[in-house]
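Student:
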Amino acid sequence: EDKVVQSPLSLVVHEGDTVTLNCSYEVTNFRSLLWYKQEKKAPTFLFMLTSSGIEKKSGRLSSILDKKELSSILNITATQTGDSAIYLCAVPTFPTGNQFYFGTGTSLTVIP
Amino acid sequence: EPEVTQTPSHQVTQMGQEVILRCVPISNHLYFYWYRQILGQKVEFLVSFYNNEISEKSEIFDDQFSVERPDGSNFTLKIRSTKLEDSAMYFCASRGSGTGDTGELFFGEGSRLTVL
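Top to bottom, those sequences are chains C and D. Going by the working numbering, the letters in the first sequence line up with residues 284 to 395, in that order. Going by the working numbering, the letters in the second sequence line up with residues 383 to 498, in that order.
#1: Just the chain C side, please: which residues come within less than 8 Å of TYR472(D) by C-beta, in chain order?
#2: So, are the CB atoms of LEU358(C) and SER345(C) less than 8 Å apart?
#3: With 7 Å as the limit, tell me which residues of the region 444–468 of chain D have their beta carbon closer than that to any beta carbon of chain C; keep them in chain order.
#4: Is VAL386(D) near the ligand NAP, in the sense that its beta carbon is under 7 Å from a heavy atom of that ligand?
#5: Is it the case that the region 369–389 of chain C contacts the region 308–322 of chain C, given that we only count it when at least three CB pairs across the two stretches are under 8 Å?
#6: Look at the alpha carbon of ILE408(D) and the alpha carbon of LYS465(D), and state the distance between them as a whole number of angstroms.
#7: Measuring only the C-alpha atoms, how far is PHE431(D) from SER437(D)?
#8: So the candidates are VAL295(C), ASN305(C), LYS324(C), SER335(C); which of them puts its Cα closest to the Cα of GLY388(C)?
#9: Hey, how far is the Cα of GLU298(C) from the Cα of ALA368(C)?
#10: Name the chain D residues whose beta carbon is nearer than 9 Å to that of LYS324(C)?
#11: Rounded to the nearest angstrom, how far is the Cβ of GLN419(D) from that of MET471(D), given a contact under 8 Å?
#12: Mind listing which residues of the region 409–421 of chain D have their C-beta closer than 9 Å to chain C's C-betas, in chain order?
#13: Could you check whether the Cβ of ASN305(C) sits closer than 8 Å to any Cβ belonging to chain D?
#14: Considering only the alpha carbon of each residue, which of LEU316(C), GLN363(C), GLY336(C), LYS323(C) lies closest to LEU329(C)?
#15: Listing by chain order, which chain D residues have their CB less than 8 Å from the CB of GLY386(C)?
#16: Measuring straight from C-alpha to C-alpha, what distance separates VAL497(D) and GLY336(C)?
#17: Mind pulling the chain D residues with CB within less than 7 Å of LEU371(C)?
#18: How would you write the range of the beta strand (DSSP E) that ASN433(D) sits in, first residue to last?
#19: Mind pulling the chain D residues with CB within less than 8 Å of PHE328(C)?
#20: Using DSSP's beta-bridge definition, name the partner residues of ARG477(D).
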């Protein structure tokens, strides 16, 4: 059965810390992995990864995919209170790409 | 920036009643979805819709549920005879076209359904 697993489930850090969030997947016909940030309501898109070993970066956030290990990490450096959210990892199924499997998410709390 | 809009933001209903959740996907998108998230649990796929028909559905999406695109803009989820366990946040999402497209899903703000 296809699945996406995230770890840790929750994390509490102080402002300025660096965090690493993990996502592992077991999905047939893998094509891409997406990271989302969910604050109060709707998940908002962060990154889409399709190629192994190529880092995607946006400000203090970066992410990389490892197809050998069937995993991805999301790094956040110099965390701020505004980074507090649930971070979701999602993998679309193929060939249709219609169904996205979501992990349970990692709840990040950044303390001032 | 184009966005997916959903109404209502919150609906409270009595068990056994029917509810309709509405969504306006991004206008040039072709793939539409409903997901739900029970409080404290993962986001779960319900159904995908393409070319005016259901393209995939999960085990959750049984006869109690139906989707419709009544006109060129709205995409609705109907839940018949609601049960307590239907209480959840329901997210509508859409994405652009393309064969085997790996594009991101754009989510609406969600409709919180509370069944009493």
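Don't be surprised by glycine CBs; every beta carbon is placed ideally from N, CA and C. Quantities reported herein were computed from a predicted structural model and do not represent experimental measurements.
Tutor: Considering the structure as presented:
#1: For a Cβ distance threshold of 8 Å, nothing in chain C lies close to TYR472(D): the least Cβ distance comes to about 11 Å.
#2: One detail in the question is off: residue 358(C) reads as Asn in this sequence, not Leu. Yes, they are a contact pair.
#3: With the criterion set as a beta carbon lying under 7 Å from some beta carbon of chain C, the region 444–468 of chain D has no members that meet it.
#4: Here there are no bound small molecules, and the ligand NAP is not part of this structure.
#5: As far as the Cβ criterion goes, the region 308–322 of chain C touches the region 369–389 of chain C, which means the pair count is three or higher.
#6: If I take the Cα positions, the gap works out to 30 Å.
#7: In this structure, the alpha-carbon of PHE431(D) lies about 5 Å from that of SER437(D).
#8: Cα-wise, what sits closest to GLY388(C) is ASN305(C).
#9: The straight-line gap from Cα to Cα measures roughly 14 Å.
#10: Ordered by position in chain D, the residues that pass the 9 Å Cβ test against LYS324(C) are SER391, MET471, PHE473, PHE489, GLY490, GLU491, GLY492, ARG494.
#11: With 8 Å as the limit, GLN419(D) and MET471(D) qualify as a contact, their Cβ atoms being about 5 Å apart.
#12: Shown in chain order are the members of the region 409–421 of chain D whose Cβ falls below 9 Å from a Cβ of chain C: TYR413, TYR415, TYR417, GLN419.
#13: Not an interface residue.
#14: Taking LEU329(C) as reference, the option from LEU316(C), GLN363(C), GLY336(C), LYS323(C) with the minimal CA-CA separation is LEU316(C).
#15: Within chain D, the residues near GLY386(C) are LYS424.
#16: Rounded to whole angstroms, the gap between the alpha carbons of VAL497(D) and GLY336(C) is 46 Å.
#17: Per Cβ cutoff of 7 Å: VAL425.
#18: Premise fails: ASN433(D) is in no beta strand (DSSP E) and is neither H nor E.
#19: For the C-beta of PHE328(C), the chain D residues within less than 8 Å are, from N- to C-terminus, GLU486, LEU487, PHE488.
#20: ARG477(D) pairs with TYR413(D).
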